[in-house]
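Note that the working numbering numbers the sequence shown so that position 113 is 113, with each residue one more than the last.
The beta-carbon is built from N, C-alpha and C at its ideal position, and this holds for glycine as well.
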Amino acid sequence: MAILEFLANYPEGATLAEIATELNQIRSGCHRTLGELIRFGYVRQLPRRGEYALTTKLVSIGLSYLSKSGVVDIAQPVINRLAQITEDLVRLAIVDGERLTLVAKAQGAKSGLIYDPDTGIDLRLSCSAAGQAWLMTLSEDVAIQYVSRQGLGRPENYGPAAPTSIKALLKVLEEHRKRRFSITQDAYAPGMSAMAAPVQRAGKPATGAIVIAGPSSRLTSKRMHEFGSALCAAADELAAIGDASPLLKSSNVGTWGNVADMSASRGRRSQ
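Set out below in structure tokens:
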């Protein structure tokens with residue numbers, strides 16, 4: 001699994017030496033594992049220098065899983081409507097253990113600068129709007145644990161306004177709770193703004209977050225406050241219909257098999 005995760009970051013392939021060194025594996029054992037992954041169709045060896053790269057089999061499995069989970073069928077109409085209202089990018093992130101992963105999107109921007117990051121990435125909790133929206137539903141202790149294990153998103157790697165300490169992050173989360181949704185500017189990426197509301201039924205853990213994102217020149221602070229009611233309405237709609245999808249169902253078991261602490265939810269959202 002470590003090899004698969006490593007190769008996901010190298011679509012042009014990596015050599016045996018690079019893989020073994022980075023993963024601190026014995027080269028002979030790493031070579032045997034790569035041979036098995038090739039045999040089962042997850043990895044291919046490139047002809048020029050013999051680098052190893054992923055095939056599309058994992059992608060196919062992931063897309064098949066999402067299609068059968070029902071999350072896209074359920075969420076896409078809600079996401080599409082919000083994208084039409086805001087004329088910007090709308091995304092859905094799913095809580096998965098201690099992870100928050102983007103699984104669906106709709107682009108509402110018709111022209112100008114279009115912000116459209118890849119679906120399928122795990123978000124940095126401390127500086128993404130979706131991450132902060134989820135963290136604000138958790139107890140302070142649990143939020144600190146999750147962020148500490150993942151690590152703070154440093155300004156030099158994300159945006160200049162990314163929180164640089166747990167204390168600063170907790171202050172931001174308290175501000176978000178007062179309005180029921182998060183707002184970030186220049187935190188996840190320079191020049192980009194985002195807002196997010198947790199998908200959460202009353203008394204249940206949050207199962208995801210719905211996000212509006214775009215360039216700060218267009219998605220200004222004033223516009224984000226104007227979109228607040230529409231964003232929260234979309235989050236409430238997803239929470240109400242979420243039990244039709246295993247990924248959006250209120251449950252304490254993440255899709256990675258991780259069991260979350262039910263006491264982590266503060267149940268601040270109400271329908």
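Report yes or no: do the segment 223-242 and the segment 177-186 share at least 3 C-beta pairs separated by less than 8 Å?
-> yes
Using the rule of at least 16 other Cβ atoms within 10 Å of the residue's Cβ for burial, across every protein chain shown, is residue 39 buried or exposed?
-> exposed
Local Cβ density within 10 Å of residue 265, reported as buried at 16 or more and exposed below that = The pLDDT assigned to residue 265 is 44, lower than 50, so where the model puts this residue is not dependable, and the model offers no usable value.
Other residues of its chain near residue 17: CB distance less than 8 Å, five sequence neighbours each side excluded | 27
Can you check the segment 187-220 for any beta strand (DSSP E) of at least 3 residues that lies completely inside it and give the ranges in chain order?
-> 192-199, 208-215
Tell me whether the beta-carbon of residue 129 lies closer than 8 Å to the beta-carbon of residue 78.
-> no
Chain-order list of residues whose beta-carbon lies under 6 Å from that of residue 126 (same chain, five-residue window excluded) = 147, 152, 153, 163, 169
With a cut-off of 8 Å, do at least 3 Cβ pairs link the segment 75-95 to the segment 43-55?
-> no
Just the Cα atoms here: how many angstroms apart are residue 262 and residue 144?
-> With a pLDDT of 39 at residue 262, under the threshold of 50, the modelled position of that residue is not reliable, and the figure given next carries that caveat. The alpha-carbon atoms of residue 262 and residue 144 are separated by roughly 16 Å.
Which listed residue (139, 196, 217, 202) has its alpha carbon closest to that of residue 209 | 196
Spatial neighbours of residue 88 within its chain, please: CB distance less than 6 Å, with the 5 preceding and 5 following residues excluded, ordered by chain position.
-> 108, 109, 212, 214, 219
Residue interval of the beta strand (DSSP E) (run including residue 44) | 43-45
Evaluate residue 95 with the Cβ neighbour count: other Cβ atoms within 10 Å of its Cβ, from every protein chain shown; 16 or more gives buried, anything less gives exposed.
-> buried
CA-CA distance, residue 124 and residue 22?
-> 22 Å
Under three-state DSSP, which class holds residue 128?
-> coil
Length of the line joining the Cα atoms of residue 156 and residue 100 | 22 Å
What residues match up with residue 52 in a beta bridge as DSSP calls it?
-> 14, 45
Residues of its chain near residue 37, where Cβ-Cβ distance is below 6 Å and the 5 sequence neighbours each way are ignored | 43
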